Structure formats: C-alpha cells, structure tokens
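Student: In UniProt numbering, the protein residues as written are 1 to 934. Where is the CB? At the ideal position from N, CA and C, for every residue including glycine. Small disclaimer: the values here were computed from a predicted structure and weren't measured. Let me begin by handing over the structure; questions about it come next.
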Amino acid sequence: MKAGNAARAGRHAAAVRGLWPLLLLTGLLSYIYYPTREHSKYPQPLARASIVSRCRALTLEPAPPENFFNRTASDRFVPGTRPHLIQNAKLWTGRANGTEIFSGDVLIDKGLIKGVGHFGSALLEAYGSELVVLDAKNAWVTPGIVDIHSHLGDASLPELQGATDDNSPHGTIQPWLRSLDGLNTHDDSYALSIAGGLTTALVLPGSGNAIGGQAFAIKLRRTKERSATSMVLEAPYQINSSFPDPTHPPRWRHMKHACGENPRWYGDTRMDTIYAFREAYNTASQIKHKQDDYCSKALADDWETLDEFPESLQWEALVDVVRGRVKVNVHCYEAVDFDGIVRLSNEFKFPVAAFHHAMEAYLVPDLIKKTYGRTPAIALFAAQARYKREAYRGSEFAPRILAEQGFTVLMKSDHPVMNSRHLVYEAQQAYFYGLSENLAIASITSNSAEVMGMSHRIGYIKEGWDADLVIWDSHPLALGATPIQVFIDGIPQLEDPHVVEKPDSFQQAPSVPNFDKEALQAVEYDGLPPLEPIAATRDLVVFINVQSVLTLGSSGVQEVFSATDDNARGTVVAEAGRVICAGICRIQHIVNPKVIDLQGGAISPGLVSFGSPLGLEHIAQEPSTVDGPVFDQLSPAGVPEVLGGASAIIRAADGLLFQTRDALLAYRAGVTSGIVAPTSTGVFAGLAVSFSLGAAHKLERGAVVQEITALHVSVSMSLEPSVSTQIALLRRQLLRPLDGVSKAWFEKVTNGEMPLVVEAHSADIIASLILLKKEVETVKGRKIKMTITGAAEAHLLAQELGEADVGVILNPARSFPLQWEDRRILPGPPLTAHTPISTLMAHNVTVGVGVQEIWDARNTRFDIVWASLSAGGNMSKAEVLALGSSNLVKLLTGGSQLQHEQNDMVATMGGDLLHFGSKVVAILSPSRGLVDVL
Numbered sequence: 001m002k003a004g005n006a007a008r009a010g011r012h013a014a015a016v017r018g019l020w021p022l023l024l025l026t027g028l029l030s031y032i033y034y035p036t037r038e039h040s041k042y043p044q045p046l047a048r049a050s051i052v053s054r055c056r057a058l059t060l061e062p063a064p065p066e067n068f069f070n071r072t073a074s075d076r077f078v079p080g081t082r083p084h085l086i087q088n089a090k091l092w093t094g095r096a097n098g099t100e101i102f103s104g105d106v107l108i109d110k111g112l113i114k115g116v117g118h119f120g121s122a123l124l125e126a127y128g129s130e131l132v133v134l135d136a137k138n139a140w141v142t143p144g145i146v147d148i149h150s151h152l153g154d155a156s157l158p159e160l161q162g163a164t165d166d167n168s169p170h171g172t173i174q175p176w177l178r179s180l181d182g183l184n185t186h187d188d189s190y191a192l193s194i195a196g197g198l199t200t201a202l203v204l205p206g207s208g209n210a211i212g213g214q215a216f217a218i219k220l221r222r223t224k225e226r227s228a229t230s231m232v233l234e235a236p237y238q239i240n241s242s243f244p245d246p247t248h249p250p251r252w253r254h255m256k257h258a259c260g261e262n263p264r265w266y267g268d269t270r271m272d273t274i275y276a277f278r279e280a281y282n283t284a285s286q287i288k289h290k291q292d293d294y295c296s297k298a299l300a301d302d303w304e305t306l307d308e309f310p311e312s313l314q315w316e317a318l319v320d321v322v323r324g325r326v327k328v329n330v331h332c333y334e335a336v337d338f339d340g341i342v343r344l345s346n347e348f349k350f351p352v353a354a355f356h357h358a359m360e361a362y363l364v365p366d367l368i369k370k371t372y373g374r375t376p377a378i379a380l381f382a383a384q385a386r387y388k389r390e391a392y393r394g395s396e397f398a399p400r401i402l403a404e405q406g407f408t409v410l411m412k413s414d415h416p417v418m419n420s421r422h423l424v425y426e427a428q429q430a431y432f433y434g435l436s437e438n439l440a441i442a443s444i445t446s447n448s449a450e451v452m453g454m455s456h457r458i459g460y461i462k463e464g465w466d467a468d469l470v471i472w473d474s475h476p477l478a479l480g481a482t483p484i485q486v487f488i489d490g491i492p493q494l495e496d497p498h499v500v501e502k503p504d505s506f507q508q509a510p511s512v513p514n515f516d517k518e519a520l521q522a523v524e525y526d527g528l529p530p531l532e533p534i535a536a537t538r539d540l541v542v543f544i545n546v547q548s549v550l551t552l553g554s555s556g557v558q559e560v561f562s563a564t565d566d567n568a569r570g571t572v573v574a575e576a577g578r579v580i581c582a583g584i585c586r587i588q589h590i591v592n593p594k595v596i597d598l599q600g601g602a603i604s605p606g607l608v609s610f611g612s613p614l615g616l617e618h619i620a621q622e623p624s625t626v627d628g629p630v631f632d633q634l635s636p637a638g639v640p641e642v643l644g645g646a647s648a649i650i651r652a653a654d655g656l657l658f659q660t661r662d663a664l665l666a667y668r669a670g671v672t673s674g675i676v677a678p679t680s681t682g683v684f685a686g687l688a689v690s691f692s693l694g695a696a697h698k699l700e701r702g703a704v705v706q707e708i709t710a711l712h713v714s715v716s717m718s719l720e721p722s723v724s725t726q727i728a729l730l731r732r733q734l735l736r737p738l739d740g741v742s743k744a745w746f747e748k749v750t751n752g753e754m755p756l757v758v759e760a761h762s763a764d765i766i767a768s769l770i771l772l773k774k775e776v777e778t779v780k781g782r783k784i785k786m787t788i789t790g791a792a793e794a795h796l797l798a799q800e801l802g803e804a805d806v807g808v809i810l811n812p813a814r815s816f817p818l819q820w821e822d823r824r825i826l827p828g829p830p831l832t833a834h835t836p837i838s839t840l841m842a843h844n845v846t847v848g849v850g851v852q853e854i855w856d857a858r859n860t861r862f863d864i865v866w867a868s869l870s871a872g873g874n875m876s877k878a879e880v881l882a883l884g885s886s887n888l889v890k891l892l893t894g895g896s897q898l899q900h901e902q903n904d905m906v907a908t909m910g911g912d913l914l915h916f917g918s919k920v921v922a923i924l925s926p927s928r929g930l931v932d933v934l
C-alpha cells in the first residue's frame, strides 16, 4: 500500500471510531421511535409518550392558547408601525348584541387595540412624537368588515384563465383540497375591497363540488412577504403537517360543502350528491373510530396490539369535521337540500357552521334547527334572487324573518359574484327591509367573526383584539357610506383618502319603511306572494300631504311643486293616470274619491331600467324560461338564410315576457318601464324595445311604450373574431349596408333618426368608436347619435366623448374590474376624488345608469342616489332622477318618449323617491290610463 493511501486509511479508521457514539445514539433513537417488527410488535416508551399526547389532543376543542389574551403584540404586527389614537369617535363596539354605542377614543399599538374609552394627556406624553393622533370629529367607527363567503384571490380579477382556481373538475368529494393553494396575491380586488372597509374574508373553494375543499380566513392587506400564506389569519396547525401540535389547543379549520344544483356541473344529481356525501363521511367516520379505538388502548397503557396510528392524509380534514373541529359552510338553497344536509349531520354527528345563500331558509326554520349540534347561522344576499330555479323563492325579507326566528344572520358577498367592496350595501338593504340596526351591522362584523371562529380577535372593538377598524364618513347603514380610513393590524390602509362631506342627516341611522305586511305574505305564500298591482277602481285619485311634484318632459326632469314647509304640503289629483292638478287643488266637488295620504311624500318621474335582460327572462339560468340569444353573425355557422342571413335583424319586442317577478318587484320600487335589446353573444344584438313593467301582456293598452328604440351592437375583446374585425363589420354596415332586412335600420342610424347603442368597456375600443362616428358623419354629411354602454373606462376619454357628442350609460353603476377591458376603472372615494359620473358630466357628457342583472333593476333608485353622493353630492334632485329616467330615454331612444303627458309617475310615502325611508305606494300611468295601487 502506498504511503498516501495508508495515511488516508488511518484517518478514515480514526474518524469511524470518533463517530461510533453518534452512530450508536442514532441507532437507539431509530429503535425507539421507528420500531420494526423484528425489534418489537408495539411502540417503545418514547414513542408511546408521543402517541398518548396526540391521542389526548384529539379531544381538545379549538380555542386560542391560554395566554392569548395576555399578548402585548399581535402575531401579525409589523415592526415600525406607529401607534394611533383615534379621538372623538362614535364607537359601534359589537358588544351587547351590537347595541353598545358610545363616544370615546381608541388606542391602537403593535397591531392590537390597547384601550377603548377616554385618554388623558399622560398617555400622549408617554408615547411622545411616535403617536399619530386622529380626530374622528364624531365620525362612526366600527370593527373591520368580515366577509364570511368570498372567493377573493381564488377567482381573482380581472378574470383570466390562468388566475381562476376556485373549482376543481376532478371529483365530487375533495376535502383534501385547499383554497390557499389557489390564492392569487395579485388580485385587483384586495385594494378595492379594503377601500370599502373589508379587512377579513373567508376564502372558500367554489361550489361545483359537493366537498370543494378547505377554506382559509385571510387579512386583505399586502404583506412584506407578499405570499398567500402570510395573509392567512390563524392558519390551522395542519397547514404544514398532517396533525396539530399536541401542546396547543387546535385552531378552527374551515371547509366548503355544496348541495343542490351546483354539483350538477360535473354530472351529479341531488341523489348522487347526497350519496357521495354519505360515502365520504362513512370513510371519515371509520377512520375516526379506528383512531378512537387505538387511543382508547393507548390511554389505557395497552400496547400489545398497537402498531401505527391509523390516519389518512387524504381524509384527515374530513375526520376533523366528524370530530367537530371544522367550521362547515354549506352552499344550500332549497328545503329538499337543507333536509338532506340536516339528515347527514345527524347521521354522522357533525355540526354545520352556516348555510350559505339559503334562499328558502326563512320558509323552513324548524327544519334547519334540527341540524346536529348548534343551530347553523344563515349567510344571505340582501336582494339577489331568482337567477336560478332554486333561488326563485328568495325574499328580501329573509334576514328579518330569520333573525326573528332566533337565527344568526350574516350578509356575504360571494365575491366576485357581488363586489365585496360594497358588502356594507348588503347590510344596508337588509336593514331597509326590516333587519334591526344592531343586527344589520353585526351581520358583517361581530356575528361573522363569531361564526368564523375568530371572535376572540376580530369583529369587536375591545381591548386586546386585533386593530382592524373602519372610520366612516356617515352612519354605516346610510346609503353610500364610505370609509375615511381603514386599519388592518393597526396599519392605515388608505393613503391620502378622498372624503365627501355628507349631510348631518347621514350621521344617524336612516329611517326605513314598514314592510310588516309584505314580510308576513312572503311566508304565507311560500315565498311567492302576489306582486300584481291593484288598479284604482275610481277614475279620480287624490294624493294629499304631498311635499313635492316632479315631472318628466321634453327638457328632462322639472319640479312643478314644492312645499315650503310641512304646513304647506299640497294635493295632487290624477284622472285616468294623468295629473290634472298639483299643488293647491279643490277636491270638495269630487264624489267619494280614492284618497292616498303620502305623509310628506312626493310624486316623481318613473325610473327606467336598462342593461339587463329584464323583460326577456324569468329565471336567467333556466333556458325554458327565457327568450334566449340571437344568432351571431360572425360565428362560423352564421345566421340562417331563412332569417335573411347576414342582413337579418331581430326585434326584442317579439320576445317580450310580461309580469316576470323581477319586473313586478322593480315596478314596486318605482321603475315603471324597461328598455331591452335582444340577448346576444356576438356583435349585433338587434332592435331594442321600451315596455311597461306593470302591464299584464303585450296587447294591453300602453304595454309597449315604443316598439323600436335603437339599434344595439357590442364590441369587445371577449368576442370573436378580433376587435378590428368587429369594427370592420360595423363600419361596413354603417357606410355600405348589406341589402336585406337590416339595411333600412342602419340607414336610420346614419340619417340620425335613431341611436346606435354600443356596449363597449375598453377606452381603446371606445376611442375607435369615436373615430368611426366621425368617419361616418364625414361620409354621410350629417350627425349620428351614438351611446356607449358598459363604459368602464369611458372616463379616460371624457373630453373626447363630450366633444363628439357621445352619451354614456355606466353599467354597472359602480365600476368593477371584472374583465381585462374593465381594469382601468375610476373607483371614486376614498381612492380617487372623482367618479366616472362626475368626470363625464364635467365634460358635458349625458350620463345614465344601468344594471347588469334583472334582479337588480329594483335597486335603480338606490344606484342613482349612491352615484350622486359619490360624485360629491352637488347634483340637484332633478339631475339625480335624470340619471335613471330622462337621460336614459334620451340616450336609448333619441328622446322621442319625452312627452310630458305620457310618462309614468311614482307616488312615494314618507319622502321622495330618492329618500331611503320612502315607500312606493302608487304608479300613475297616463299611457295605460290608470293608477296602480301597490
């Protein structure tokens, strides 16, 4: 052997001798912790201790650690965050079932609320210059808003194929999936939702699977780490291991279930779904029983037959459900589905935290109370309903009715189904329809935190709780309430917020109408109360105690009477639906008149609904109840020659559907007419129609207000083929229309006789349309009328739109970056000083407000008020009403309907149509020759 090799061998032998003690210890530990059958048939002492500890942990209920309330800093505290003192605030604390309200201060430091009450100068001196002092000036302060049902991040915006991860197509039952694994940290919604006061959201998997997976609560603020995990609030210990740390009580976990129609997306009927649930729960229960048997022997020190602890990574989360350590949130609508889940919960002995959507819950409260364990909470929309069969019996009175039945009621967004920036609006609507003030605010704060299992740290203004707070510019239940500042973990989220001054009246809880009768009827008629109006039986109807009268004429909305004070209220006399006297009217000669006391109410122009398929749909997701889409001229199949081929044109009037429930509900909310174009998935929709929402059928007098109003088209990046091809087709039809049916209608557009209404969102597309308008006008030698609808990015071209005399209908009324071509929105206060409406109006653009879905038509009165408040509140009453009436008529018909004697009017009790506390009681319709009493 060479000398070098011998030396190396000697060093190797010495190294082995030096490692011998370590190798011996490693072998011993391996023997103790990982015994083989050759070593032993059962665990050794150290392994036994670990198993016993784990078994004991299985019986622990989720709770914060014992020393949690002794913490001096939040686990989410960001070093360098300055302490803040909010002084002179009106505090809604969440205590006493949401009834505790008092004036005081809030001190926040190290991510926590350090004190609530009043603080003297000694505190200020102790903190020194580090303390930021905010004078709230008696503004309302609430806990941060908590959304119990969101898809933030998982269904991120703008919608792109590569950023949607809320449903899995790979199985009916998938409790092993985690919403956290799809959480996109670049979702445009985070900052927008924070601007609405949202601080915490429970991000649920979608509802396409019976068990879609595990949900996670997140704080919305951007973290330094910029990861999805760093956003999670109290991540379950299982997030990085297969079982919890036995030295701590477990944290609540969350899981999404769904029943009814949605699992059908993957081919499952209700029977399939419930069996799949039972099979899954049976599997989880068997594992639980094996674990319990195992632990029973281990805790009795009986190790003779024990080997490895029985577990399954795939099923461990569902096993925890059966152990009652998971907040189960169930997407469920109808009585049949509640019944199936209630039976399932009792069969396998697991509680349900909340039923979500739950459209029929108010009809079957006793059934839901039979759920195993504690009665579930009910998470609802305020007014969204009837969009599919299982939502058809949904009621705006459900929150109130359920609360009266002792249920915990939660309002949620289902973001992006509803924009979670405006979750407070859901609470406002629930309050409007009868949910009490304290419970309405609690439904998006403290009660949501309770149901989420996070009430030990969020949802309340209490010492030791997380410093998640919202300072509001008005009472949080006042329409249009907007944050002045939002704190998450003690960190202010709004940089240089823009604040709109609100009237003093907005600092109090708004008055609301009485809907006692309607709430009772909702239950009495099994969710389908009669909505048809009752025509007045007398030719003359007299309205007394009228505060003001506004009419609609060729020049727009005009005020014809206004009482100087309560003692000078006027009278209005209507004959066959036409006002024949307003102000001081002599009614002594009228024999036995129908008299309606408006109690300080008003007569206002009827509102107009546009933008949704209202009048062409009963139930949006039921093909047999809708008119359906027209043929796409640019699709490979094209339009059948029997219809005229490429020159075909469709009239919406031919497909009108009257007395849909959404139309009748809108009618009862002061929306008297609708303008609707044929439903299209391509460029050309066709010819729109104006119709009465109160008419029973098309042949009734006044049912069709104007059979053809305008030619409607769309230009969008979401359509095929390219935008440039779509514009080319539009240019061809405007400059050299194809011979056939449609030619005459395009000529009417180019002759300036009827508007061309174009749905377009992108500023780039709108710019091309402005240039196209100029090109056509140059060639034809005359002006054409063009209206842009949708118009998310129209504010970027406000000056150009004004100069080109192009009108705009914003739809939705509150901008939302749903698609890529919507992303450059102008969000308005508190993020920007201006809104799309204020910007467009400043450049003399005629602006209207539309809605996207038929259920939302009833909220038009709220939309126009909210729009005016966000725009600075400087608009006159006539200008506000015009957003939802005369402006729409001008933009969609060219103004041909603005004949004073033919327009519907709305009578409201307790205030005018723009007042949150008013209630529509009658419709005056001269075109139909009657007064409808509601």
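Could you check the C-alpha separation between A602 and T725 for me, to the nearest Å?
Tutor: Counting from 1 along the sequence shown, the entry for residue 602 is found at position 602. Counting from 1 along the sequence shown, the entry for residue 725 is found at position 725. Rounded to the nearest angstrom, the two C-alpha atoms are 50 Å apart.
Student: Would you decide whether S624 is buried or exposed? Buried here means 16 or more other CB atoms lie within 10 Å of its CB.
Tutor: Within the sequence shown, residue 624 is the residue found at index 624, counting from 1. It is exposed - the Cβ of S624 has fewer than 16 other Cβ atoms within 10 Å.
Student: Which residues mark the beginning and the end of the alpha helix (DSSP H) in which P483 is found?
Tutor: Translated into the one-based positions of the sequence shown, residue 483 becomes position 483. Note, P483: premise wrong, no alpha helix (DSSP H); beta strand (DSSP E) at P483 to I488.
Student: Do you know how far the Cα of I211 is from the Cα of F610?
Tutor: Sequence index remark: in the sequence shown, residue 610 carries index 610 (1-based). Sequence index remark: in the sequence shown, residue 211 carries index 211 (1-based). When rounded, the distance between both Cα atoms is 38 Å.
Student: Going by C-alpha distance, which of L410, N138 and V78 is nearest W92?
Tutor: Numbered from its first residue, the sequence shown carries residue 92 at position 92. Closest option to W92, Cα to Cα, is N138.
Student: Among T787, G80 and I708, which has the Cα closest to the Cα of L888?
Tutor: The residue labelled residue 888 in the question sits at position 888 within the sequence shown. Comparing Cα-Cα distances from L888 to each of T787, G80 and I708, the minimum goes to T787.
Student: Applying the 10 Å Cβ sphere with the 16-neighbour rule, what's the burial state of P817?
Tutor: In the sequence shown, the residue the question calls residue 817 occupies position 817. Taking all protein chains shown into account, P817 has 16 or more neighbouring C-beta atoms within 10 Å of its C-beta and is therefore buried.
Student: Quick check on H170: buried or exposed, where buried means 16 or more other Cβ atoms within 10 Å of its Cβ?
Tutor: Numbered from its first residue, the sequence shown carries residue 170 at position 170. So H170 counts as exposed.
Student: Given this structure, state the Cα-to-Cα distance separating T26 from H248, to the nearest angstrom.
Tutor: If you number the sequence shown from 1, residue 26 lands on position 26. If you number the sequence shown from 1, residue 248 lands on position 248. The pLDDT assigned to T26 is 39, lower than 50, so where the model puts this residue is not dependable; a value taken from the coordinates is nonetheless given after this. Whole-angstrom Cα-Cα distance: 29 Å.
Student: Once DSSP output is grouped into helix, strand and coil, what is the label at R253?
Tutor: The residue given as residue 253 occupies position 253 in the sequence shown. Three-state DSSP puts R253 in a strand.
Student: Is it the case that the segment 847-855 contacts the segment 516-524, given that we only count it when at least three CB pairs across the two stretches are under 8 Å?
Tutor: No, they do not touch.
Student: How should Q485 be labelled, buried or exposed, when 16 other C-beta atoms within 10 angstroms of its C-beta is the threshold for buried?
Tutor: Translated into positions along the sequence shown, residue 485 becomes position 485. With 16 or more Cβ atoms within 10 Å of its Cβ, Q485 is classed as buried.
Student: According to DSSP, D932 sits in a beta bridge with which residue or residues?
Tutor: One-based indexing of the sequence shown puts residue 932 at position 932. In DSSP, D932 forms a bridge with A535 and I923.
Student: Give the secondary structure of G917 by DSSP, where H, G and I count as helix, E and B as strand, and everything else as coil.
Tutor: On the sequence shown, position 917 is the one that residue 917 refers to. Note: G917 maps to coil in three-state DSSP.
Student: Using the rule of at least 16 other Cβ atoms within 10 Å of the residue's Cβ for burial, across every protein chain shown, is residue 950 buried or exposed?
Tutor: Residue 950 lies beyond the range of the chain shown here (1 to 934); nothing can be said about it.
Student: Exposed or buried, H697, counting other C-beta atoms within 10 Å across all chains shown (16 or more means buried)?
Tutor: Numbered from 1 along the sequence shown, position 697 holds the residue referred to as residue 697. So H697 counts as exposed.
Student: In whole angstroms, what separates the C-alpha of G464 from that of P65?
Tutor: The residue labelled residue 464 in the question sits at position 464 within the sequence shown. The residue labelled residue 65 in the question sits at position 65 within the sequence shown. Each residue's Cα considered, the two are about 14 Å apart.
Student: Based on the DSSP secondary-structure assignment, which residues constitute the bridge partners of C581?
Tutor: In the sequence shown, residue 581 corresponds to position 581, counting from 1. Answer is V573.
Student: Compute the Euclidean distance between the alpha carbons of E821 and P827, then round it to the nearest angstrom.
Tutor: Start at 1 with the first residue of the sequence shown, and residue 821 comes out as number 821. Start at 1 with the first residue of the sequence shown, and residue 827 comes out as number 827. Those two C-alpha atoms are separated by around 15 Å.
Student: The alpha helix (DSSP H) spanning K194 covers which residue range?
Tutor: Translated into positions along the sequence shown, residue 194 becomes position 194. Note that residue 194 corresponds to Ile in the displayed sequence, not to Lys. Here the alpha helix (DSSP H) through I194 covers S189 to I194.
Student: Any chance you could list the alpha helix (DSSP H) runs of at least 4 consecutive residues sitting entirely within the segment 675-747, in chain order?
Tutor: 723-735
Student: Can you name the residues that DSSP bridges to S150?
Tutor: In the sequence shown, residue 150 corresponds to position 150, counting from 1. Per DSSP, V203 and H415.
Student: Going straight from the alpha carbon of K224 to that of F216, what length do you get?
Tutor: The sequence position of residue 224 within the sequence shown is 224, counting from 1. The sequence position of residue 216 within the sequence shown is 216, counting from 1. Cα-Cα distance, rounded: 20 Å.
Student: Taking C-beta to C-beta, are Y929 and G694 nearer than 7 Å?
Tutor: Locating residue 929 in the sequence shown gives position 929, where the first residue counts as 1. Locating residue 694 in the sequence shown gives position 694, where the first residue counts as 1. Looking at the sequence itself, residue 929 is Gly, so the reference to Tyr does not match. For G929 and G694, no; Cβs fall outside 7 Å.
Student: Please name the residue, chosen from S870, T200 and A385, that lies closest to A857 on a Cα-to-Cα basis.
Tutor: Residue numbering aside, residue 857 sits at position 857 when the sequence shown is read from its first letter. Ranking S870, T200 and A385 by Cα distance to A857 puts A385 first.
Student: Mapping DSSP to helix, strand and coil, what is R651?
Tutor: By one-based count along the sequence shown, residue 651 stands at place 651. In this structure, R651 counts as strand in the three-state DSSP scheme.
Student: If you scan the segment 75-109 from start to end, which runs of the alpha helix (DSSP H) of 4 or more residues do you find wholly inside it?
Tutor: 95-98
Student: Helix, strand or coil for H589 per DSSP?
Tutor: Counting from 1 along the sequence shown, the entry for residue 589 is found at position 589. Residue state, collapsed to three classes: coil.
Student: Taking 8 Å as the threshold, find out whether the segment 616-634 comes into contact with the segment 379-395 through three or more Cβ pairs.
Tutor: Between the segment 616-634 and the segment 379-395, the count of C-beta pairs closer than 8 Å reaches three or more; the two stretches touch.
Student: Whether or not the segment 100-118 and the segment 466-482 are in contact is what I'm after, with contact meaning three or more pairs of Cβ atoms, one per stretch, closer than 8 Å; do they touch?
Tutor: yes
Student: If you count every other CB in all the chains shown that lies within 10 Å of the CB of E360, and 16 or more means buried, which is it?
Tutor: For the purposes of this step, residue 360 is taken as the residue at position 360 of the sequence shown. Buried: at least 16 other Cβ atoms inside 10 Å.
Student: How many angstroms separate the CA atom of E753 from the CA atom of T200?
Tutor: Translated into the one-based positions of the sequence shown, residue 753 becomes position 753. Translated into the one-based positions of the sequence shown, residue 200 becomes position 200. E753 and T200: Cα-Cα distance of roughly 53 Å.
Student: Under three-state DSSP, which class holds L289?
Tutor: The residue you call residue 289 lines up with position 289 of the sequence shown. Checking the sequence shown, residue 289 turns out to be His, not Leu. The answer is helix: DSSP assigns H289 an H, G or I state.
Student: Is A760 helix, strand or coil by DSSP?
Tutor: Translated into the one-based positions of the sequence shown, residue 760 becomes position 760. A760: strand per DSSP, three-state reduction.
Student: With respect to the alpha helix (DSSP H) encompassing E437, which residues constitute its N-terminal and C-terminal limits?
Tutor: The residue you call residue 437 lines up with position 437 of the sequence shown. Note, E437: alpha helix (DSSP H), E437 to A442.
Student: With a 10 Å radius around its C-beta and 16 neighbouring C-beta atoms as the bar for buried, classify L528 as buried or exposed.
Tutor: For this step, residue 528 is matched to residue 528 along the sequence shown. Exposed: under 16 other Cβ atoms inside 10 Å.
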